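This report concerns only the one structure given below.
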Amino acid sequence: MSSRALVTGASSGVGLATARMIHRQGGSVALIARRAELLDDLVAELGEGAIALPADVSDPEAVSVAVAAAFEALGDIDLVVNAAGVDGPAPLEDQDARKWQTTIGVNLSGSFYVAREAALRMKEGCIVNLGSELSTIGMGLYVDYCASKAGIIGLTKAMAAELAPRGIRVNAVCPGPIDTPMMEAELAWFPDPEAVRVEAINRVPLKRWATAEEVAEAILFMASATFATGACLALDGGTTAI
């Protein structure tokens with residue numbers, strides 16, 4: 051278990067669940083997300099050992115400032131969790147440059163910016179990136195998202211190869227659908243959200259979605275697996291196994 055961690059996307063979903071789990075297990079945690087008010091609420095909830103660092107991970111300068119502040123506040127951070135992400139379906143005619151750049155900017159570039167800034171300062175430890183089942187399979191209406199999450203696999207493996215000699219491991223967790231507010235917002239795009247929900251659940255061999263806490267547990271497992279690097283853990287209820 052990490053004693054000092056940096057978690058992005060910490061204001062909701064997987065990032066929030068991971069930050070809470072790390073703190074509950076006795077770790078200190080630097081919290082990065084865009085919504086400062088939600089980070090302040092989380093710091094108030096967690097208390098000592100938690101600091102809020104509002105930043106947009108798609109902004110490399112903001113990331114540099116936030117990561118530097120995290121290391122200054124906590125010392126030698128040994129776990130970085132890239133959980134910040136955006137999602138949203140759109141047909142190709144609506145997949146314009148702005149949407150593409152936003153999705154790639156947060157999901158892929160943001161993960162790179164944070165991992166790079168942290169790796170330059172880390173002495174040892176682990177970086178865990180959040181991929182997706184769509185890192186390895188395609189899905190209509192999600193061209194930008196699939197591309198961003200496929201990129202996470204390449205990012206993870208390449209950084210793992212480069213950082214291994216320094217004792218820094220880099221892994222990814224690739225979940226299927228997760229029962230989070232972001233998923234609810236995504237479903238609202240469809241004319242019949244409940245029908246889409248049922249169809250999506252039926253596509254999963256285990257016939258349910260993951261919880262944010264289950265994904266957080268997998269992230270911390272990858273952080274603790276000291277001989278694993280460059281690994282991408284499928285956490286999709288069996289979807290990519292069939």
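Going left to right, the sequence shown walks through residues 51 to 292 as our numbering numbers them. Each residue gets a CB set at the ideal place from its N, CA and C atoms; glycine is no exception. Just so it is clear, the structure is predicted and the values come from calculations on it, not from any experiment.
If you reduce the DSSP assignment to three classes, tell me which class residue 215 lands in.
For the purposes of this step, residue 215 is taken as residue 165 along the sequence shown, with counting starting at 1. Helix.
With a cut-off of 8 Å, do at least 3 Cβ pairs link the segment 208 to 223 to the segment 235 to 255?
no
From what residue to what residue does the beta strand (DSSP E) around residue 78 run?
Reading the sequence shown from its first residue, position 28 is the one you call residue 78. It spans 78 to 83 - the beta strand (DSSP E) in which residue 78 sits, taken as one unbroken run.
Among 281, 128, 215 and 106, which one has its Cα closest to the Cα of residue 86?
Translated into the one-based positions of the sequence shown, residue 86 becomes position 36. The option with the nearest alpha carbon to residue 86 is 106.
Pairing CB atoms from the segment 102 to 118 with CB atoms from the segment 71 to 89, are three or more of them under 8 Å?
yes
Beta-carbon contacts of residue 261 that lie in its chain and below 6 Å, excluding the five residues immediately before and after:
Locating residue 261 in the sequence shown gives position 211, where the first residue counts as 1. Closer than 6 Å at Cβ, skipping near neighbours: 229.
Just checking, does the segment 111 to 129 make contact with the segment 54 to 61 on the three C-beta pairs under 8 Å criterion?
yes
Report all residues from its chain with a CB closer than 8 Å to the CB of residue 162; omit the five preceding and five following residues, and keep chain order.
One-based indexing of the sequence shown puts residue 162 at position 112. Only 205 meet the Cβ criterion.
Return the first residue and the last residue of the beta strand (DSSP E) that residue 132 is part of.
Here residue 132 is taken as the residue at index 82 of the sequence shown, counted from 1. Looking at the DSSP string, the run of the beta strand (DSSP E) that includes residue 132 is 129 to 132.
By the DSSP assignment, the beta strand (DSSP E) with residue 292 in it spans what residues?
Position 242 of the sequence shown holds residue 292. Looking at the DSSP string, residue 292 is not in any beta strand (DSSP E), and its letter there is neither H nor E.
In its own chain, which residues sit with a C-beta less than 7 Å from the C-beta of residue 268, not counting the 5 before and 5 after it?
As a position in the sequence shown, residue 268 is number 218, starting the count at 1. For residue 268, where only same-chain residues beyond five positions count, the Cβ hits under 7 Å are 223, 283 and 285.
Return helix, strand or coil for residue 116, following the three-state DSSP convention.
Residue numbering aside, residue 116 sits at position 66 when the sequence shown is read from its first letter. It is helical.
Same chain only: Cβ atoms within 6 Å of residue 289, ignoring 5 sequence neighbours per side:
Counting from 1 along the sequence shown, the entry for residue 289 is found at position 239. Within the same chain, residue 289 has close Cβ partners 183, 226 and 254.
Under 8 Å: do the segment 87 to 101 and the segment 151 to 159 share three or more Cβ pairs, one atom per stretch?
no
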